[in-house]
Amino acid sequence: MATEYTAKDITILEGLDPVRKRPGMYIGGVGTAGLHHLVWEIVDNSIDEAMNGHAKEIAVVLHKDRSSITVSDDGRGIPVDKHPKLKKSALEIIFSTLHAGGKFEGQNYKTSGGLHGVGASVVNALSTKLVAKVKREGAEWAMEFRRGVAQGPLKKLGAARGTGTWVHFQPDPTIFPRTEFDAATIRDRLEIASFLHRGVKIRFTDESTGKEEVFRHEAGILDYLKKVVGERGAKPVHEAPFTLVKEGDVKVEVAFQWTESTDEHVRSYVNGIPTGSGGTHENGLRAAVGKAVRNFVETHALTPRGVTITADDIREGFASILSVYVAEPQFQGQTKDRLNNPEVQGAVDQAVRPALEQWMNSNRSVAEQIVARIVLSARAREASRAASAAISRKTATSGRLTLPGKLSDCTSHARERTELFIVEGDSAGGSAKQGRDREHQAVLPLRGKVLNTEAMGLAKVLENKEIADLIVALGCGVGKDLDVEKLRYARVILLADADSDGHHITTLLLTFFYRHMPDLLKAGRVYVGVPPLYRIDAAKKTFWAADEADKARILKSLGKDESAVDITRFKGLGEMMPKVLWETTLSPRTRRLLRVDIADALATDRIISDLMGKDPQARFQFIMEHAEDAQDIDV
């Protein structure tokens, strides 16, 4: 008999209940990144006040418990008068109602990082306690909330001078597996904010260490560019960077410089929000730079003979800080990682291209240095192609003249200590790129499940873009043309998530290497990285477990059960902070690597054929024979 389905079965989530029920929809997840997103939401509100000329100083305090934060500013203060329709104070509405704020109509804020009107209320909903204080209209006001619920009406504390807002909150441990903030992460984000908003003073205090830092940069993103170029150890090709500030419907601020680095490095922001996945503003910058450089080269007859300059050649060694301000930004999700406004691409292009052309024509010697750098890149690429012509002409990758754009290569030219990490997806790729040793470690993210190459001809395999990118990055050819001595790295490390999907991807990659690049396995050049699946915190010590068995071993050695310790299960590499990924998985001193070795070629061939081949009967037989060995399967 079918179960009756009626109106009483419909659940209505009211107030802030949707946030507590599905926090990932609002902050991207409840891991470390989601936890710190709470800080960004409150800080961004203070930044909005500064961005629009109403605040000059912002203070952020990480308290001794490392699980609570206070953010304050000297802005106008959140309004405390009653809303004409809801008959509640504006402060209570902002902190307890989704999609409520003063940024929708554009009258109070010309530009803003938080236009969805959910930031403050989401932080409130996901905090065990939040206290908001406001200095406004000659008085100080306060209101306390518990898990999003007001604990009483707005209180007038007494007379006060000046204006401003003060917000203290403590994340809810029933929502977040770990509620301890990382001081370095907060510190770096605040420093970047001070670069983007020149003249604004941002004070960060870490009470657990007693350290206080004040960030203020009058030169803004120009100072930021100098810092980034210096940190990357890339020698600039020209001394004075190109800078531009262009007002308009879309305000554009950009500073860039060509360096001797082998990769492109762009950091972009929209209304002060970092856009790690780029978007239309980055597309506009790349298009503008490409057009301006080509126009300069053609106008001054600098086109090199015997070589074609590509867009990748133009952007090799290109380091840039791009900051745009948009009245109504359209972000990809509440976490605001990518800008989608189509009109911004044209606005950035139209602002940068003519200005860059004029700058190059007015600084001929500098411009010719840049062009010489670009031509050198093009010739190096052609030389690299010629060196591997025997390979490239015989494969489907012959049309690819450059390394894959998504490859973040290492800077060292000596192969002995270099490593290529093949990771799963852009999220894991982003964490690995930030956490790696840039001199010796390269990162190549692959999107989606890798092609199953078992029983597939090489010509068909090479039609797959992910596989083709991998072959080009390795540089040693494929199939019968493979030459291990031409491998660009000393080690090739497969690094996937420590779950069933990750194991599947690793198996697919190993199948490819075994069938089409077996000499790499025979030479001992291929490794499997072993990232942790669990973090175990006990007695002020941290332990890392690769799997369930490892977790059980650690708990047994501690003499504790799971209820007595704090255990975090990682959903994937992309959820790890770059520092944690380095310490557990990338650092040669602390990581675990398994070298892939073929002890019995016949057995290996049979197992791969059975597991990855087209015959389901062989796969079924293998599973039945080994069913007793399968325990705690991760599904």
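Counting in the working numbering, the sequence shown runs from 856 upward without gaps. Glycine is no exception: its CB is placed at the ideal position from the N, C-alpha and C atoms.
Query raised in the report: Which residues mark the beginning and the end of the beta strand (DSSP E) in which Gln-1112 is found?
Result: Taking the first residue of the sequence shown as position 1, residue 1112 is located at position 257. Its beta strand (DSSP E) spans residues 1105–1113.
Query raised in the report: Given a threshold of 16 other Cβ atoms within 10 Å of its Cβ, counted over all protein chains shown, does Gly-969 qualify as buried or as exposed?
Result: For the purposes of this step, residue 969 is taken as the residue at position 114 of the sequence shown. With a pLDDT of only 41 at Gly-969, under the threshold of 50, the placement of this residue in the model should not be trusted; the figure read from the coordinates follows. Gly-969 comes out buried.
Report task. Would you mind sorting Gly-1512 into buried or exposed? The rule is 16 or more other CB atoms within 10 Å of its CB. Result -> With the chain represented from 856 up to 1490, any question about residue 1512 goes unanswered, as that position is not in the structure.
Query raised in the report: Whose C-beta lies closer than 6 Å to the C-beta of Val-1230 among residues of the same chain, with five residues either side of it excluded?
Result: Indexing the sequence shown from 1 puts residue 1230 at position 375. Taken in chain order, the residues that qualify are Pro-1159.
Requested in this report: Classify Thr-1266 as helix, strand or coil using the three-state DSSP reduction.
Outcome: Locating residue 1266 in the sequence shown gives position 411, counting from the first residue. Looking at Thr-1266 - three-state DSSP - the assignment turns out to be coil, as it is neither helix nor strand.
Query - Local conformation of Pro-1209 per DSSP, three classes - result: In the sequence shown, residue 1209 corresponds to position 354, counting from 1. The answer is helix: DSSP assigns Pro-1209 an H, G or I state.
Query - Close Cβ partners of Asp-1392 (< 6 Å) along its chain, the five nearest in sequence each way excluded - result: Along the sequence shown, read from residue 1 onward, the residue named residue 1392 stands at position 537. Excluding sequence neighbours, Asp-1392 sits near Asp-1421.
Requested in this report: Would you kindly check if the distance between the Cβ of Ile-949 and the Cβ of Ser-976 is under 8 Å?
Outcome: Residue mapping note: residue 976 aligns to position 121 of the sequence shown, counting from 1. Residue mapping note: residue 949 aligns to position 94 of the sequence shown, counting from 1. Yes, the pair counts as a contact, with Cβ atoms nearer than the cut-off.
Query raised in the report: For Gly-1139, which beta-bridge partners are listed by DSSP?
Result: Locating residue 1139 in the sequence shown gives position 284, where the first residue counts as 1. DSSP, once it has assigned bridges, lists no residue as partnering Gly-1139.
Query raised in the report: Short check: CB of Val-829 to CB of Val-1181, under 8 Å?
Result: There is no way to answer for residue 829, as the model of the chain reaches only from 856 to 1490.
Query raised in the report: Identify the residues that DSSP records as bridge partners of Val-1203: which are they?
Result: One-based indexing of the sequence shown puts residue 1203 at position 348. For Val-1203, which the question treats as bridged, DSSP gives no partner whatsoever.
Query raised in the report: Helix, strand or coil: which one does DSSP assign to Glu-904?
Result: By one-based count along the sequence shown, residue 904 stands at place 49. Three-state DSSP puts Glu-904 in a helix.
Query raised in the report: What residue does the alpha helix (DSSP H) around Gln-1289 start on, and which one ends it?
Result: Here residue 1289 is taken as the residue at index 434 of the sequence shown, counted from 1. Run containing Gln-1289: 1280–1290, per the alpha helix (DSSP H) assignment.
**Report entry** Classification of Pro-1259 by the beta-carbon crowding that lies within 10 angstroms, buried from 16 upward
**Finding:** Within the sequence shown, the letter at position 404 stands for residue 1259. Classification of Pro-1259: buried, given that the 10 Å Cβ count is 16 or more.
Report task. Classify Pro-1129 as helix, strand or coil using the three-state DSSP reduction. Result -> For the purposes of this step, residue 1129 is taken as the residue at position 274 of the sequence shown. DSSP places Pro-1129 in strand when its eight states are reduced to three.
Requested in this report: Kindly indicate which three-state DSSP category His-1120 falls into: helix, strand or coil?
Outcome: Counting from one through the sequence shown, the residue named residue 1120 turns up at place 265. Residue state for His-1120 is assigned as strand, using DSSP reduced to three classes.
Query - Neighbourhood of Gly-1334 by C-beta, 7 Å cutoff - its chain only, sequence neighbours within 5 removed - result: Taking the first residue of the sequence shown as position 1, residue 1334 is located at position 479. So the list reads Leu-1313, His-1371, once near-sequence residues are dropped.
Requested in this report: Give the DSSP-derived three-state secondary structure of Phe-1367 in the structure shown.
Outcome: What you label residue 1367 is simply residue 512 of the sequence shown in a count that begins at 1. Phe-1367: helix per DSSP, three-state reduction.
Requested in this report: Can you say whether His-1453 is buried or exposed, counting buried as having 16 or more other CB atoms within 10 angstroms of its CB?
Outcome: Counted from its first residue, the sequence shown places residue 1453 at position 598. Looking at the sequence provided, one finds Ile at residue 1453 rather than His. Burial call: exposed.
Query raised in the report: Apart from the five residues on each side of it in sequence, which residues of its chain come closer than 7 Å, Cβ to Cβ, to Arg-921?
Result: Numbered from 1 along the sequence shown, position 66 holds the residue referred to as residue 921. Closer than 7 Å at the Cβ level, and outside the excluded window around Arg-921, lie Glu-1035, Phe-1036, Ser-1063.
Query - Under the three-state DSSP convention, the category Ile-1030 falls into - result: Residue numbering aside, residue 1030 sits at position 175 when the sequence shown is read from its first letter. Three-state DSSP puts Ile-1030 in coil, outside helix and strand.
Query - Cα-Cα separation between Leu-985 and Gly-1133, rounded to whole angstroms - result: Your numbering for residue 985 matches position 130 in the sequence shown. Your numbering for residue 1133 matches position 278 in the sequence shown. Whole-angstrom Cα-Cα distance: 33 Å.
**Report entry** Sufficient close CB pairs (3 or more, under 8 Å) joining the stretch 1367–1383 to the stretch 1406–1426
**Finding:** no
Report task. Please classify Lys-1056: does DSSP put it in a helix, a strand, or coil? Result -> For the purposes of this step, residue 1056 is identified with residue 201 of the sequence shown, where counting begins at 1. Residue state, collapsed to three classes: strand.
Query raised in the report: In this structure, does DSSP put Met-1467 in helix, strand or coil?
Result: Counted from its first residue, the sequence shown places residue 1467 at position 612. Met-1467: helix per DSSP, three-state reduction.
Query - Unbroken beta strand (DSSP E) run spanning Phe-1000, endpoints - result: For the purposes of this step, residue 1000 is taken as residue 145 along the sequence shown, with counting starting at 1. Start and end: 994–1001.
Requested in this report: Indicate the three-state DSSP secondary structure (helix, strand or coil) for Phe-1425 in the structure shown.
Outcome: Translated into the one-based positions of the sequence shown, residue 1425 becomes position 570. Here Phe-1425 sits in coil by DSSP.
Query raised in the report: With distances taken from CA atoms, which of Arg-1042, Val-1226, Gly-1139 is nearest Gln-1200?
Result: As a first step, residue 1200 is located in the sequence shown; it is residue number 345 there, counting from the start. Minimum Cα distance to Gln-1200 is reached at Gly-1139.
Query raised in the report: Does the stretch 1206–1214 touch the stretch 1088–1105, meaning 3 or more C-beta pairs lie closer than 8 Å?
Result: yes
Report task. Figure out for me which residue from Val-1451, Phe-1425, Val-1385, Gly-1468 has the closest Cα to the Cα of Thr-1440. Result -> The residue given as residue 1440 occupies position 585 in the sequence shown. Measuring from the Cα of Thr-1440, the nearest candidate turns out to be Val-1385.
Report task. Check the C-beta distance from Ala-987 over to Val-1022 and give it rounded, since I have them as a contact under 8 Å. Result -> What you label residue 987 is simply residue 132 of the sequence shown in a count that begins at 1. What you label residue 1022 is simply residue 167 of the sequence shown in a count that begins at 1. That belief holds up - the Cβ atoms of Ala-987 and Val-1022 are roughly 5 Å apart, short of 8 Å.
**Report entry** Opposing strand residues paired with Ala-1297 [DSSP bridges]
**Finding:** The sequence position of residue 1297 within the sequence shown is 442, counting from 1. According to DSSP, Ala-1297 bridges with Leu-1275.
Query raised in the report: Based on the DSSP secondary-structure assignment, which residues constitute the bridge partners of Glu-912?
Result: Stepping through the sequence shown from its first residue, residue 912 is reached at position 57. According to DSSP, which records beta bridges pairwise, Glu-912 is partnered with Lys-1056.
Requested in this report: Take Leu-1009 as the anchor and find which of Ala-997, Arg-1053, Arg-1058 has the nearest alpha-carbon.
Outcome: For the purposes of this step, residue 1009 is identified with residue 154 of the sequence shown, where counting begins at 1. Nearest option by C-alpha distance: Ala-997.
Report task. Using beta-carbon positions only, say whether Arg-1033 and Thr-1423 come within less than 8 Å of one another. Result -> For the purposes of this step, residue 1033 is taken as residue 178 along the sequence shown, with counting starting at 1. For the purposes of this step, residue 1423 is taken as residue 568 along the sequence shown, with counting starting at 1. Their beta carbons are under 8 Å apart, which means Arg-1033 touches Thr-1423 by this criterion.
Requested in this report: Leaving out five residues on either side along the sequence, give the residues of the same chain with a beta carbon under 7 Å from the beta carbon of Gly-1145.
Outcome: As a first step, residue 1145 is located in the sequence shown; it is residue number 290 there, counting from the start. For Gly-1145, where only same-chain residues beyond five positions count, the Cβ hits under 7 Å are Ala-1166, Ile-1169.
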